[in-house]
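Following: one structure in structure tokens, then a few remarks.
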Amino acid sequence: MIVSGSSSQAVAAALARELEEPLAAVEYDRFPDGELLAAAPDVADRDVERAIVVASTTSSDAHLEVLQLQDAVREAGADEVVTVLPYMGYGRQDKAFEAGHPISARAVARAVSTGTDRVLTVNPHEESICDFFEPSATAIDAADRLANPLPADLEDPVFLSPDAGAVELAETVRDAYGAGATDYFEKTRLSGTEVEISPSDVAVADRDVVVTDDIIATGSTMSEAVGVLGERGVGRVFVTCVHPLLARDAVTKLSRAGVEAIYGTDTIERQYSAVSVAPSIADEL
Ligand code: R5P
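Quick note, the sequence shown lines up with residues 2 to 286 if you use our numbering.
Given below as structure tokens:
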């Protein structure tokens with residue numbers, strides 16, 4: 002049985018269809034003191050062997066909801082609890098940045114670990130965060146799905162990543178698209194919202210470019226990259242990412258930079274979630 006967190010209703014429903022498993026009803030309440038209650042009465046009503054809790058932890062409440070749903074399904078008698086975090090919040094805080102800072106990804110992973118037998122997450126920023134979980138944790142690569150919404154008529158395309166770390170993603174999207182070159186920019190992060198992008202050597206004049214990253218958060222990285230391309234007579238520019246977090250004015254930044262379209266997956270449910278990662282998750286289950 003699939004049990005959806007409120008942040009992941011579309012991907013959970015798609016996963017239920019893929020696996021031909023029932024989708025549980027989830028009930029919510031909020032107490033006068035602000036505390037949340039997420040419950041799964043459907044699981045209690047049936048003899049469920051495997052409960053799959055699907056929830057992207059995009060907020061503190063979403064984190065809490067995962068812990069409650071894990072506990073609810075276990076309490077209701079599920080023999081096996083699988084936790085799918087399509088997007089794992091705090092995953093990018095995978096080290097202590099200064100003395101006295103927490104390793105937040107590890108702290109979150111430890112909490113999630115207490116209520117589950119297995120964890121799946123999609124394209125974490127660093128695969129090594131899977132080691133922070135106590136039960137086995139698997140990183141699913143769903144980047145190939147990003148080729149689906151791209152136009153079929155890309156002109157001599159170049160698939161670029163905004164930094165060397167994401168070049169494999171760009172290669173995966175290129176391979177799934179079936180044509181094109183790949184390259185990457187050099188990125189220097191100046192602050193949480195400012196980055197500096199150095200151009201790659203690849204010729205982009207009159208060519209369509211697809212810039213691919215694991216996540217668009219503030220949009221600084223992508224808009225800087227697209228700005229560099231604009232100075233070089235590029236054709237159309239499409240931006241793709243697995244996790245379309247798109248915080249604050251990210252969409253405005255990208256639009257001002259001149260992007261033709263933004264395509265993300267449903268690990269984070271936004272209007273730009275053009276493709277589902279459910280088939281990739283289903284393959285692992
Ligand atoms: C960092 O290395 C990641 O791959 C992304 O490039 C980054 O987190 C995106 O953040 P923002 O959209 O805030 O620049």
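Where a beta carbon is used, it is the ideal one built from N, C-alpha and C, also for glycine.
One or two residues paired with residue i in a DSSP bridge
i	result
D30	L38
E81	R51
T58	Paired residues: none, contrary to the question.
L24	I3
Straight-line Cα distance separating residue j from residue i
i	j	result
R111	S129	14 angstroms
V120	A206	44 angstroms
R47	A41	11 angstroms
D145	R75	34 angstroms
E195	H126	19 angstroms
T59	T268	10 angstroms
T122	A17	17 angstroms
V82	D30	23 angstroms
A108	A73	21 angstroms
P1	A39	The requested residue 1 is not part of the displayed model; the chain covers only 2 to 286.
T241	P150	9 angstroms
V4	A226	39 angstroms
H64	G228	35 angstroms
A143	D284	11 angstroms
Supposed close pair residue i, residue j - CB separation, criterion 8 angstroms
i	j	result
L24	A13	7 angstroms
T117	T139	Wrong, their Cβ atoms sit about 12 angstroms apart, outside the cutoff.
A52	S8	Contact doesn't hold; Cβ gap of about 18 angstroms is too wide.
R257	G236	The Cβ separation is near 19 angstroms, so there is no contact.
A79	G92	Rounded, the Cβ-Cβ distance is 26 angstroms, inconsistent with contact.
V238	E261	6 angstroms
- Query: Hey, which unbroken runs of the alpha helix (DSSP H) at 4 residues or more fall wholly within the region 161-222?
  - Reply: Here the runs fully enclosed are 168-178.
- Touch test, the region 122-141 against the region 183-203, Cβ-Cβ under 8 angstroms, three pairs minimum: Verdict: no, contact absent.
- How do the region 208-215 and the region 166-175 stand: do at least 3 beta-carbon pairs fall below 8 angstroms, yes or no? Under the three-pair Cβ rule at 8 angstroms, the region 208-215 counts as touching the region 166-175.
- Message: Which complete alpha helix (DSSP H) runs does the region 110-155 hold, if anything under 4 residues is left out?
- Response: Taking 4 residues as the shortest admissible run, the region 110-155 contains no complete alpha helix (DSSP H) segment at all.
- Is there contact here, the region 245-259 with the region 97-109, by at least three beta-carbon pairs under 8 angstroms? No: the two stretches stay apart, fewer than three of their Cβ pairs being nearer than 8 angstroms.
- Message: Threshold first: 4 residues or longer. Then list the alpha helix (DSSP H) segments lying entirely within the region 223-252, N to C.
- Response: None, since the region 223-252 contains no complete alpha helix (DSSP H) of that length.
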